[in-house]
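In the order they appear, the protein sequences are chains A and B. In terms of full-length UniProt numbering, the first sequence is residues 1 to 373. In terms of full-length UniProt numbering, the second sequence is residues 1 to 373. Glycine is no exception: its CB is placed at the ideal position from the N, C-alpha and C atoms. Below is one structure; the comments refer to it alone.
There are 2 protein chains.
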Amino acid sequence: MAGRDLSPIRAPQPASERQYAELDPVVVIGTGLVGASIGCALSAAGIQVHLRDRYRSHALVAAGLGAGTVSSAQNSAVKLVVVAVPPDAVPEVVERALARYRHAVVTDVASVKKPVMDALREAGVDLSRYVGSHPMAGSQYSGPLTASPHLFVDRRWVIADGSGSAQAVRRVEALVALCGARLIHLAPADHDRAVAEVSHVPQIMSSLTAARLREVPPPDLLLAGQGVRDVTRVAGSDPTLWGQIIAANRTEILTQLRAIRADLDQLLEGLGTNDPQAVTGLIAAGREGVSALPGKHGHPGSALDTVVVEIPDAPGALARLFAEIQAQGVNIEDLSIEHDLAKPAGYLSVAVEAGHAEALRAAMTASGWELRS
Amino acid sequence: MAGRDLSPIRAPQPASERQYAELDPVVVIGTGLVGASIGCALSAAGIQVHLRDRYRSHALVAAGLGAGTVSSAQNSAVKLVVVAVPPDAVPEVVERALARYRHAVVTDVASVKKPVMDALREAGVDLSRYVGSHPMAGSQYSGPLTASPHLFVDRRWVIADGSGSAQAVRRVEALVALCGARLIHLAPADHDRAVAEVSHVPQIMSSLTAARLREVPPPDLLLAGQGVRDVTRVAGSDPTLWGQIIAANRTEILTQLRAIRADLDQLLEGLGTNDPQAVTGLIAAGREGVSALPGKHGHPGSALDTVVVEIPDAPGALARLFAEIQAQGVNIEDLSIEHDLAKPAGYLSVAVEAGHAEALRAAMTASGWELRS
Numbered sequence: 001m002a003g004r005d006l007s008p009i010r011a012p013q014p015a016s017e018r019q020y021a022e023l024d025p026v027v028v029i030g031t032g033l034v035g036a037s038i039g040c041a042l043s044a045a046g047i048q049v050h051l052r053d054r055y056r057s058h059a060l061v062a063a064g065l066g067a068g069t070v071s072s073a074q075n076s077a078v079k080l081v082v083v084a085v086p087p088d089a090v091p092e093v094v095e096r097a098l099a100r101y102r103h104a105v106v107t108d109v110a111s112v113k114k115p116v117m118d119a120l121r122e123a124g125v126d127l128s129r130y131v132g133s134h135p136m137a138g139s140q141y142s143g144p145l146t147a148s149p150h151l152f153v154d155r156r157w158v159i160a161d162g163s164g165s166a167q168a169v170r171r172v173e174a175l176v177a178l179c180g181a182r183l184i185h186l187a188p189a190d191h192d193r194a195v196a197e198v199s200h201v202p203q204i205m206s207s208l209t210a211a212r213l214r215e216v217p218p219p220d221l222l223l224a225g226q227g228v229r230d231v232t233r234v235a236g237s238d239p240t241l242w243g244q245i246i247a248a249n250r251t252e253i254l255t256q257l258r259a260i261r262a263d264l265d266q267l268l269e270g271l272g273t274n275d276p277q278a279v280t281g282l283i284a285a286g287r288e289g290v291s292a293l294p295g296k297h298g299h300p301g302s303a304l305d306t307v308v309v310e311i312p313d314a315p316g317a318l319a320r321l322f323a324e325i326q327a328q329g330v331n332i333e334d335l336s337i338e339h340d341l342a343k344p345a346g347y348l349s350v351a352v353e354a355g356h357a358e359a360l361r362a363a364m365t366a367s368g369w370e371l372r373s
Numbered sequence: 001m002a003g004r005d006l007s008p009i010r011a012p013q014p015a016s017e018r019q020y021a022e023l024d025p026v027v028v029i030g031t032g033l034v035g036a037s038i039g040c041a042l043s044a045a046g047i048q049v050h051l052r053d054r055y056r057s058h059a060l061v062a063a064g065l066g067a068g069t070v071s072s073a074q075n076s077a078v079k080l081v082v083v084a085v086p087p088d089a090v091p092e093v094v095e096r097a098l099a100r101y102r103h104a105v106v107t108d109v110a111s112v113k114k115p116v117m118d119a120l121r122e123a124g125v126d127l128s129r130y131v132g133s134h135p136m137a138g139s140q141y142s143g144p145l146t147a148s149p150h151l152f153v154d155r156r157w158v159i160a161d162g163s164g165s166a167q168a169v170r171r172v173e174a175l176v177a178l179c180g181a182r183l184i185h186l187a188p189a190d191h192d193r194a195v196a197e198v199s200h201v202p203q204i205m206s207s208l209t210a211a212r213l214r215e216v217p218p219p220d221l222l223l224a225g226q227g228v229r230d231v232t233r234v235a236g237s238d239p240t241l242w243g244q245i246i247a248a249n250r251t252e253i254l255t256q257l258r259a260i261r262a263d264l265d266q267l268l269e270g271l272g273t274n275d276p277q278a279v280t281g282l283i284a285a286g287r288e289g290v291s292a293l294p295g296k297h298g299h300p301g302s303a304l305d306t307v308v309v310e311i312p313d314a315p316g317a318l319a320r321l322f323a324e325i326q327a328q329g330v331n332i333e334d335l336s337i338e339h340d341l342a343k344p345a346g347y348l349s350v351a352v353e354a355g356h357a358e359a360l361r362a363a364m365t366a367s368g369w370e371l372r373s
């Protein structure tokens, strides 16, 4: 937390008249990282937010950070209730909120959607005013102190289909829009499978890795570099919260973890018999898997085109080459070296956005570089 | 690689006269990321560096980035040879370099030290001019294109004890110093155990996680957030290189991976029987393990002191509190909320460097905040 930015919150776009009419006022129940951040985003957009938490100190801190007010709402006026409590408590708190705020739509932000909906159905709750949702944002930190109105900007936010009237869904969509997130509609079971794959299982792998560090002699830990820190960062997460998330989604997680155990067993066997292919194969599979992840903001990577330049056999020439590419105002998206048996020097392959390649080629040729067509 | 910085290299400190006398000129064999970065650091310090690579295109690119020259050295003048080739090739290349550069000290940078030394001993090589070493730096990228003279700054760099004359060791220490790294001497076996713990096993766990992503339906991948990206970042590493590293250190790695499999089996059983303690216990163990990692640069965290402030029950007060702490010029190292059954509002615990706490307490009291003593 060193260097934490405590400067005042930059306001996002104010709510439109329609958004204001859909949402104002909102009650947020549970002022941990996610609840407090939602409060901050809505407050910054001009929506009145009432904060509730079983720990008044959390609600006060969230309020102090700009997430809303700790004063009570007029129950019948509330348009939207956001339930941001730990997963185990969600069904009960949603049920109580539906009863208390008779004209409000109630959403929750739990990381697992089908068990919540099943529990509400089992309890016989009328689900026309309930819409489950899940913002794909968070961090290894918990509690309101690291809240930010920008936590959800450009992140995916899932709305779970299968409950809620059209009007109810619209209100939650307005919430997602005001938080700056990118909306996805998913069936609850599809959501739960997807988060097991891309969130819960990676969390467990991180924790398994980190748990072994307890056995490492402290001097050995001095050799830790950025790699192990990245792998274990999410292992710093809250055990109670994650215990509940994983338990709630255990069927999906079990299936996927069993597949990993099979991969691990295969690797152990390969290491035992010193079969180099077992190791190289796993690392290659991992590299393939990581390249399947979409670009940072969930965009499919934009189309790239490649300009291939003969590598100059003269000192300083390459630095000049890079300087000229930059002077063209073109961003280099990727660089690689190609060996060519017929040419000792080989080629440098420069990937740029497709729209820029032609102009770059013309400019490079004009400057005397040898391009491969 | 988007936004890659192609601006000219900032020069580190120039070599001292003693360092210059110890090292100039250097031959770097193998101009991948590590070899090219060493070349860049030494060249920037004013040392003459001759680059060699089985792929001339790599050496040319490294030279173009400022790592040295592709022209040949006068063999008898060379003071230090850095062997930065893939692990499997290291013993043979070291042996040839010792024969070719008769007055040079030869070091290697392979990630595993005992097998290299054993292979050289077995080949009957005189080890008085050989000193094994290992800079704890690198990335998921390979090849010279991502080389940087700053790659090793503040990173640990191990010198493996058990070979090399005192003078030979001094030369490699001069190399470490010029690269800006932090020196550690370790026995080869201790080094290999430590890197298995903090590098090779985390790499495997990252690859195991990433390999499963190949089976994930592409729409599910849209839900991927920062967590899975962090866990799988090093899984982007080069399969051939890592296959060799892991195979070379397989005995240590096997022991540690078997312990992880036992943890995984226990978790699978707990999930199968819906034992919440199995999950919470693992996440808690992981959190404990990750907190055992030393601070970012390997310093033990500096001593902190805590100032405990009653949380103000008034809107906007907390923002004012933070502003006042910042106005004191004190960096907040950590923040947490303490519940207190006797006080509805609770306390905010503000950790600052030990030397700053007293002045902060005085200033806060003077401004009217309620502190807990």
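Given A:D53, which residues of its chain have a CB within under 7 Å of its CB, disregarding the five upstream and five downstream residues?
Within the first sequence, the letter at position 53 stands for residue 53 of chain A. Contacts found: G30, T31, A59.
Using a C-beta to C-beta distance shorter than 8 Å, which residues of chain A count as neighbours of B:T240?
The residue given as residue 240 of chain B occupies position 240 in the second sequence. Residues of chain A passing the Cβ test: T280.
Below 8 Å on the Cβ atoms is my guess for B:A351 versus B:T280; work out the distance and round it to an integer in Å.
Here residue 351 of chain B refers to the residue found at position 351 of the second sequence. Here residue 280 of chain B refers to the residue found at position 280 of the second sequence. Contact between B:A351 and B:T280 is absent: CB atoms are separated by about 26 Å, not below the 8 Å threshold.
Which residues does DSSP list as the beta-bridge partners of A:R372?
In the first sequence, residue 372 of chain A corresponds to position 372, counting from 1. Looking at the DSSP output, A:R372 sits in a beta bridge with A:V308.
Could you run through the region 216–242 of chain B and flag, in chain order, every residue whose CB is less than 7 Å away from some CB of chain A?
Flagged, chain order: V216, D220, L221, L222, L223, A224, G225, G227, V228, R229, D230, V231, T232, R233, V234, A235, G236, S237, P239, T240, W242.
Are the C-beta of A:V198 and some C-beta of chain B separated by less than 8 Å?
Along the first sequence, read from residue 1 onward, the residue named residue 198 of chain A stands at position 198. True, the Cβ-Cβ gap to chain B drops below 8 Å.
Select from A:K113, A:A319, A:V85, A:Q244 the residue whose C-alpha is nearest the C-alpha of B:N274.
Here residue 274 of chain B corresponds to residue number 274 of the second sequence, with the count starting at 1. Taking only the C-alpha atoms, the option nearest B:N274 is A:Q244.
For A:I246, which residues of its own chain have a beta-carbon under 8 Å away from its beta-carbon, when the five flanking residues on both sides are left out?
In the first sequence, residue 246 of chain A corresponds to position 246, counting from 1. Answer for A:I246: H200, Q203, I204, I253, listed in chain order.
Residues in the same chain with beta-carbon distance under 7 Å from A:K113, minus the five sequence neighbours each way, listed in chain order, please.
Your numbering for residue 113 of chain A matches position 113 in the first sequence. If we look at A:K113 and ignore the five residues flanking it on each side, its Cβ neighbours are G132, H134, A160, P188, H191, D192.
Short check: CB of A:W157 to CB of A:V176, under 8 Å?
On the first sequence, position 157 is the one that residue 157 of chain A refers to. On the first sequence, position 176 is the one that residue 176 of chain A refers to. Yes, they are a contact pair.
Please look up how many angstroms separate the CB atoms of A:I325 and A:Y347, rounded, as I've assumed it's under 8 Å.
Here residue 325 of chain A refers to the residue found at position 325 of the first sequence. Here residue 347 of chain A refers to the residue found at position 347 of the first sequence. That pair is no contact at about 15 Å.
First and last residue of the alpha helix (DSSP H) that includes A:L321?
In the first sequence, counting from the first residue as 1, residue 321 of chain A sits at position 321. Taken as a continuous stretch (DSSP letters only), the alpha helix (DSSP H) holding A:L321 covers 317–327.
Closest to A:I38 by CA distance: which of A:A248, A:V93, A:S148 is it?
As a working note, residue 38 of chain A is residue 38 in the first sequence. That would be A:S148, whose Cα lies nearest to the Cα of A:I38.
Please work out which residues of its chain come closer than 7 Å, Cβ to Cβ, to A:V85, disregarding the five sequence neighbours upstream and downstream, and give them in chain order.
Stepping through the first sequence from its first residue, residue 85 of chain A is reached at position 85. Taken in chain order, the residues that qualify are I29, G30, V93.
Please determine, among B:I337, B:S336, B:A345, B:F322, the residue with the shortest C-alpha to C-alpha distance to B:L360.
For the purposes of this step, residue 360 of chain B is taken as the residue at position 360 of the second sequence. Closest option to B:L360, Cα to Cα, is B:F322.
Identify whether A:Y130 lies in helix, strand or coil by the three-state DSSP scheme.
To locate residue 130 of chain A, count along the first sequence from 1; it is residue 130. Reduced to three states, the DSSP call for A:Y130 is strand.
So does the region 210–228 of chain A actually touch the region 210–217 of chain B, counting three or more Cβ pairs closer than 8 Å?
The region 210–228 of chain A, when compared against the region 210–217 of chain B, does not touch it at the 8 Å Cβ threshold.
Option nearest A:L282 by Cα separation, candidates B:V105, B:T146, B:S237
Along the first sequence, read from residue 1 onward, the residue named residue 282 of chain A stands at position 282. Closest option to A:L282, Cα to Cα, is B:S237.
Coil, strand or helix - B:L223 by DSSP:
In the second sequence, counting from the first residue as 1, residue 223 of chain B sits at position 223. Coil, per DSSP.
Where does A:P14 land, buried or exposed, given buried means 16+ other C-beta within 10 angstroms?
Here the question's residue 14 of chain A lines up with position 14 in the first sequence. By the neighbour-count criterion, in which a residue is buried when 16 or more other Cβ atoms sit within 10 angstroms of its Cβ, A:P14 is exposed.
Between the alpha carbons of A:L80 and B:L264, how many angstroms are there, rounded?
On the first sequence, residue 80 of chain A is found 80 positions in, with the first residue counted as 1. On the second sequence, residue 264 of chain B is found 264 positions in, with the first residue counted as 1. If I take the Cα positions, the gap works out to 41 Å.
Straight-line Cα distance separating A:H103 from A:S43:
On the first sequence, position 43 is the one that residue 43 of chain A refers to. On the first sequence, position 103 is the one that residue 103 of chain A refers to. Each residue's alpha carbon lies about 21 Å from the other.
A:Y55 - DSSP class collapsed to helix/strand/coil
The count along the first sequence starts at 1 and reaches residue 55 of chain A at position 55. A:Y55: coil per DSSP, three-state reduction.
Of all the options A:Y20, A:G35, A:V195, A:P294, which has the alpha carbon lying nearest to the alpha carbon of A:V78?
Position 78 of the first sequence holds residue 78 of chain A. Closest by alpha carbon: A:Y20.
Does B:T107 pass the burial test, meaning 16 or more other C-beta atoms within 10 Å, or should it be called exposed?
Indexing the second sequence from 1 puts residue 107 of chain B at position 107. The residue is buried, with at least 16 neighbouring Cβ atoms inside 10 Å.
Straight-line Cα distance separating A:A362 from A:G368:
By 1-based counting over the first sequence, the position of residue 368 of chain A is 368. By 1-based counting over the first sequence, the position of residue 362 of chain A is 362. Roughly 10 Å separates the two Cα atoms.
Indicate whether at least one CB of chain C lies closer than 8 Å to the CB of B:H58.
Judged by its chain identifiers, the structure shown contains no chain C, and its protein chains are A and B.
Counting contacts by CB-CB distance shorter than 8 Å, is A:S367 in contact with chain B?
The residue given as residue 367 of chain A occupies position 367 in the first sequence. Put simply, the CB of A:S367 is far from chain B, with every gap to its CB atoms at 8 Å or more.
Look at B:M136 and A:L223 and say whether their C-beta atoms are less than 8 Å apart.
Within the second sequence, residue 136 of chain B is the residue found at index 136, counting from 1. Within the first sequence, residue 223 of chain A is the residue found at index 223, counting from 1. Yes, the Cβ-Cβ distance between B:M136 and A:L223 is below 8 Å.
Coarse secondary structure for B:K296, derived from DSSP in three states
Position 296 of the second sequence, counting from 1, holds the residue named residue 296 of chain B. Reliability of the predicted coordinates at B:K296 is poor, the pLDDT of 48 falling under 50, and the value obtained from them is presented with this limitation in mind. Correct three-state label for B:K296: coil.
Kindly indicate if chain B contains any beta-carbon less than 8 Å away from that of A:H339.
Against the first sequence, residue 339 of chain A aligns to sequence position 339. Yes, contact with chain B.
Report the rounded CA-to-CA distance for B:I260 versus A:L208, giving the unit in angstroms.
The sequence position of residue 260 of chain B within the second sequence is 260, counting from 1. The sequence position of residue 208 of chain A within the first sequence is 208, counting from 1. Computed Cα separation, rounded: 7 Å.
Give a yes or no on whether the C-beta atoms belonging to A:G64 and A:L51 are separated by under 8 Å.
Taking the first sequence and counting its residues from 1, the one referred to as residue 64 of chain A is at position 64. Taking the first sequence and counting its residues from 1, the one referred to as residue 51 of chain A is at position 51. Contact check for A:G64 against A:L51 fails: the beta carbons are separated by 8 Å or more.
Between B:V90, B:L257, B:D126, B:A317, which lies nearest to B:A99 when the distance is taken from Cα to Cα?
By 1-based counting over the second sequence, the position of residue 99 of chain B is 99. Nearest of B:V90, B:L257, B:D126, B:A317 to B:A99, Cα basis: B:D126.
In the region 91–122 of chain A, which residues sit with their C-beta less than 9 Å from some C-beta in chain B, listed in chain order?
Residues: none.
Give me the chain B residues within the contact set of A:G143, using Cβ-Cβ distance strictly less than 7 Å, ordered along the chain.
Counting from 1 along the first sequence, the entry for residue 143 of chain A is found at position 143. Think of a sphere of 7 Å around the beta carbon of A:G143: the chain B residues whose beta carbon falls inside it are I337, in chain order.
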